[in-house]
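Novice:
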Amino acid sequence: MTNAVDIRSISRSFGRTRALEDITLSVPDGSICGLFGRNGAGKTTIMSILAGQDRPTSGNAKVFGEHPFENSSTLSKISFVRDNQRYPDDYRLHHVLRIAPRFAPNWSVDVAAELVDGLRIPAKIPIKKFSRGQLSSIAIVMGLASRAPLTLLDEPYLGLDITARALFHDLLLRDYSAHPRTVILSTHLIEESEALFDRVIIIDRGRVRVDCERDEASNLAFTISGPADAVDKLSTNRRVLLTHAAGGLRSATITGEASDELVLQARTLGATISSASLPELVAAYGADAPESTLIKKGARA
Amino acid sequence: MSAVVSTVRLHLNRRAATFIVPLTIAGTVALISVLIALIFWRSGSQPGSEGWIYGSQSNPGIVYALLGFLGYLGVSTVATTFPFALTLGATRRAFVAGTLIWDAMMAAYIAVIFAILTAIEIATNHWFVGFYIFDIYVLGGADMPRLLLIVFLGVLTTLTIGGVFAAGWVRFGALGPQLIAVGVVLALAIAAITLVPQAAAIATAFQLWWLAAASVTVIILAAIGTWLLLRPAIVR
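Read top to bottom, the protein sequences are chains A and B. full-length UniProt numbering applies: residue 1 is where the first sequence begins, and numbers increase by one. full-length UniProt numbering applies: residue 1 is where the second sequence begins, and numbers increase by one.
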């Protein structure tokens, strides 16, 4: 399978701030990839570089085998509306619907109309007066109706009500089935959108922490829950990403797969072991100073 | 090339700002000029008299009013349209080229509008009552070729200057326009210091085409500056 996106050792600095640190990842053509991480982790910067709106300080980023920066033919295959997108003064909905097809060769009038209607985007109000949810809605219209071979959706759910989110999910899957493309979607509503993804990437502090098939993600970490003493004992010599404590109870998210022996041991001590869910995994990799919760240095589980 | 054409269309997408607002401003200023003329009329001035004609033709109100709007338009075509153009998939190169073409189209459009209105003004003997709105000295005093050139170059200069200031803002934030302004003031000051000793000779030798040449130079410098500032600019 060919890759829609190939990123090799890119770093990006803004002054003294390192937004991306030696990122290497690839996204297969035709996949729907979830890009997760905390605010400021580097998600938008990656998307911005892929969309040719920014350049890495070092390294290479290719889209469909080409560098996107100032590359007209590659840019015509990419759709990227940032979460804080600015629009020209006095723009209203019809301005966007009139001009976007000029730049998007695969633009679907039907998809745009269905979304405008379903998301109830106001036609007469200037876009600069839109609410947060309405701004997200217009970004979704541009993202999905463009049917771009690489569609980058940056926090598309911000401010959207649950009905609108459901419509977005439904239309994305329906239109993707009919017109396959590569989608990279960043969101904090992981649980709600998890079913969409066939691939997940987790980044934190500008570094890739996880890059795998979605099904593999459940094997990357497990959670031990139970009495604090038991959890501490079972966590010994394992790499703990995140811990939670409430009274005498504790839970610890630990990298790797739990062995049968560990599961039995946990049962004996009154603790339970379960695979870490995707939201737990993202939260764990985004936890501050994970090294401070490392229970004794040693080999990974 | 199609990316450049698409960028031109992106600017033309603001149809009201492009086609309607300049007309509205011209109409409003014309109306205000007429009202002022009526005040003078009521205060004893006689339409058609030498003083009336001289005073009316010396009033550049229509130019000032339009320049303010065109300056804003030049800024907004870059400041707010550039981020959206990148989102749509335009290259920086196509955006700068497309914006310059649109600037020229806008300048031609306004020049033609002014020429038509001036022609009507002349044909109606200044709106039947001796009102001078477009037949004014600063626009060439009803000399059509001169009017077309003055309006075209004036509008294009204003739009491109607005564009380069906006590009400075996109590239460096609030510091960008300040740096450009400081640079322009310094350049003008150096030019003045250098040329002041020859001021009398320059004034004697002055030709109108010097202004046209200066205008073309400014347009070229502003367009190059816009490109140099936007080429490495990122949108965040």
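No residue lacks a Cβ here, since even glycine has one placed at the ideal position from N, Cα and C. Every value quoted in this text rests on a predicted model; they were computed, and no experiment measured them.
If we count the other Cβ atoms within 10 Å of its Cβ and call it buried at 16 or more, is residue 190 of chain B buried or exposed?
Specialist: By the 10 Å Cβ count, residue 190 of chain B comes out exposed.
Novice: Using beta-carbon positions only, say whether residue 28 of chain A and residue 61 of chain A come within less than 8 Å of one another.
Specialist: Not a contact, by the Cβ cut-off of 8 Å.
Novice: Whether or not the stretch 57-71 of chain A and the stretch 108-128 of chain A are in contact is what I'm after, with contact meaning three or more pairs of Cβ atoms, one per stretch, closer than 8 Å; do they touch?
Specialist: Not touching, per the Cβ criterion.
Novice: Tell me, please, whether the CB atom of residue 102 of chain A is closer than 8 Å to any CB atom in chain B?
Specialist: Yes, its Cβ sits closer than 8 Å to a Cβ of chain B.
Novice: Just checking: is the beta-carbon of residue 16 of chain A within a distance shorter than 8 Å of some beta-carbon in chain B?
Specialist: Output row for residue 16 of chain A: interface = no.
Novice: Give me the residue from B:11, B:149 and B:180 with the minimum Cα distance to residue 114 of chain B.
Specialist: Of B:11, B:149 and B:180, the residue nearest in Cα terms is B:149.
Novice: Leaving out five residues before and five after residue 93 of chain A in sequence, what residues of the same chain have Cβ atoms less than 6 Å from its Cβ?
Specialist: For residue 93 of chain A, where only same-chain residues beyond five positions count, the Cβ hits under 6 Å are 121 and 123.
Novice: Nearest chain A C-beta to residue 78 of chain B closer than 8 Å, yes or no?
Specialist: For residue 78 of chain B, the answer is no, since every Cβ of chain A falls outside 8 Å of its Cβ.
Novice: Is the stretch 182-192 of chain A close to the stretch 149-163 of chain A, with three or more CB pairs under 8 Å?
Specialist: Yes: the two stretches touch, three or more of their Cβ pairs being nearer than 8 Å.
Novice: Is the distance from the Cβ of residue 74 of chain A to the Cβ of residue 63 of chain A below 8 Å?
Specialist: Their beta carbons are under 8 Å apart, which means residue 74 of chain A touches residue 63 of chain A by this criterion.
Novice: Output the distance between the C-alpha atoms of residue 9 of chain A and residue 23 of chain A, rounded to the nearest integer angstrom.
Specialist: If you take the alpha carbons of residue 9 of chain A and residue 23 of chain A, they lie about 5 Å apart.
Novice: Checking contacts by CB at 8 Å: is residue 83 of chain A closer than that to chain B?
Specialist: So, not an interface residue.
Novice: I'd like the list of long-range same chain contacts for residue 41 of chain B, defined as Cβ closer than 7 Å, with 5 residues on each side in sequence excluded.
Specialist: Within the same chain, residue 41 of chain B has close Cβ partners 47.
Novice: To test your reading of the DSSP string, which unbroken alpha helix (DSSP H) runs of 4 or more residues are found completely within the stretch 75-154 of chain A?
Specialist: Within the stretch 75-154 of chain A, the complete alpha helix (DSSP H) runs of at least 4 residues are 93-103, 109-118 and 132-145.
Novice: Are residue 189 of chain A and residue 172 of chain A touching if we call contact CB-CB under 8 Å?
Specialist: Contact: no.
Novice: Would residue 176 of chain A count as contacting chain B if we go by Cβ distances under 8 Å?
Specialist: No, residue 176 of chain A lies away from the interface with chain B (no Cβ there is under 8 Å from its Cβ).
Novice: Below 8 Å, can you find three or more Cβ-Cβ pairs linking the stretch 111-125 of chain B to the stretch 144-159 of chain B?
Specialist: With a cut-off of 8 Å, the stretch 144-159 of chain B and the stretch 111-125 of chain B count as touching, because enough Cβ pairs lie within range.
Novice: Is it the case that the Cβ atoms of residue 239 of chain A and residue 223 of chain A are separated by a distance below 8 Å?
Specialist: Taking 8 Å as the Cβ cut-off, residue 239 of chain A and residue 223 of chain A do not qualify as a contacting pair.
Novice: Examine chain A for any beta-carbon lying closer than 8 Å to the beta-carbon of residue 89 of chain B, and answer yes or no.
Specialist: For residue 89 of chain B, the answer is yes, since a Cβ of chain A falls inside 8 Å of its Cβ.
Novice: Determine whether the beta carbon atoms of residue 60 of chain B and residue 136 of chain B lie at a separation below 8 Å.
Specialist: Yes, the pair counts as a contact, with Cβ atoms nearer than the cut-off.
Novice: Along the stretch 196-229 of chain B, what residues have a CB closer than 7 Å to any CB found in chain A?
Specialist: Residues: none.
Novice: Rounded to whole angstroms, what's the CA-CA distance from residue 213 of chain A to residue 107 of chain B? Just pull it up for me.
Specialist: Their Cα atoms are separated by approximately 56 Å.
Novice: Rounded to whole angstroms, what is the Cα-Cα separation between residue 273 of chain A and residue 210 of chain A?
Specialist: Going by the C-alpha atoms only, they are around 21 Å apart.
Novice: Mind checking which residues open and close the alpha helix (DSSP H) that includes residue 215 of chain A?
Specialist: That run of the alpha helix (DSSP H) goes 214-217.
Novice: Classify residue 237 of chain A as buried or exposed, calling it buried when 16 or more other Cβ atoms lie within 10 Å of its own Cβ.
Specialist: Result: exposed.
Novice: Look at the Cβ atom of residue 51 of chain A, then the Cβ atom of residue 78 of chain A, and state whether they are nearer than 8 Å.
Specialist: Result yes, Cβ atoms of residue 51 of chain A and residue 78 of chain A sit closer than 8 Å.
Novice: Spell out the partners DSSP gives residue 244 of chain A in its beta bridges.
Specialist: Note: residue 244 of chain A sits in a beta bridge opposite A:251.
Novice: Alpha carbon to alpha carbon, what distance is there between residue 30 of chain B and residue 132 of chain B?
Specialist: Going by the C-alpha atoms only, they are around 9 Å apart.
Novice: Quick one: give me the first and last residue of the alpha helix (DSSP H) that residue 178 of chain A is part of.
Specialist: That run of the alpha helix (DSSP H) goes 162-178.
Novice: Could you confirm whether any beta carbon from chain B is found closer than 8 Å to the beta carbon of residue 300 of chain A?
Specialist: Residue placement at residue 300 of chain A cannot be trusted, given a pLDDT of 36 that sits under 50; what the coordinates show is reported in the next sentence. It does not; no Cβ of chain B falls within 8 Å.
Novice: Just to confirm, are residue 35 of chain A and residue 201 of chain A a CB contact at a threshold of 8 Å?
Specialist: A contact, by the Cβ cut-off of 8 Å.
Novice: Pair every Cβ in the stretch 3-21 of chain B with every Cβ in the stretch 265-284 of chain A, then say whether three or more of these pairs are closer than 8 Å.
Specialist: In short, these stretches do not touch, since the Cβ pair count stays below three.
Novice: Mind pulling the chain A residues with CB within less than 8 Å of residue 94 of chain B?
Specialist: Per Cβ cutoff of 8 Å: 72.
Novice: Going by DSSP, what residues sit across from residue 221 of chain A in a beta bridge?
Specialist: Residue 221 of chain A is bridged to A:255.
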